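Residue numbers are given in the UniProt record's numbering: position 14 of the sequence shown equals residue 14, and the series is strictly consecutive. Built from N, CA and C at the ideal position, the CB exists for glycine as well. For clarity, every value in this text was computed on a predicted model and none was experimentally measured.
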Amino acid sequence: LSYAARQERLGLCQMLLEFGADPNLRGYRGLSALHSASIQGNCQIVQLLIKRGANINPANDRGTIPLFQALSNGHRQTVLTLLRAGS
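Structure, rendered in structure tokens:
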């Protein structure tokens with residue numbers, strides 16, 4: 001799921017979630033799918049993950065949350081999406 005989010009594959013993310021993928025599963029360096037979508041600035045995937053129960057503020061191995069990653073990559077709309085969701 002995290003790889004699909006990083007590749008901005010919305011349809012694949014939807015399918016994986018429908019088949020029971022865990023939206024909070026962590027991968028390399030503690031990155032979740034929400035981290036990956038936030039790094040890319042993909043609001044659609046961010047919204048999908050939140051709707052499907054993703055933790056809004058998971059810290060990776062360095063203590064970084066998705067909101068910070070969206071901010072540091074200049075993804076204003078993603079920042080607003082995360083803030084509206086409670087980050």
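Is residue i helix, strand or coil by DSSP?
i	result
leucine 31	coil
glutamate 18	helix
residue 109	Any property of residue 109 remains undetermined from this structure, which presents the chain solely from 1 to 87.
Smallest Cα separation from residue i: which of the options?
i	options	result
glutamine 44	Ser2, Gly86, Thr81	Thr81
asparagine 57	Gln77, Leu31, Gly20	Leu31
glycine 53	Ile39, Gly27, Phe68, Asp22	Asp22
leucine 16	Tyr3, Arg62, Ala85	Tyr3
Specify, as a first and last residue, the run of the alpha helix (DSSP H) that residue i falls within.
i	result
leucine 1	First-last for leucine 1: undefined, no H or E at that position.
serine 72	66-72
arginine 62	Arginine 62 -> no alpha helix (DSSP H), and no H or E assigned at all.
Note to self: With three or more C-beta pairs closer than 8 Å as the rule, is the region 72-79 touching the region 32-43?
What the structure shows: yes
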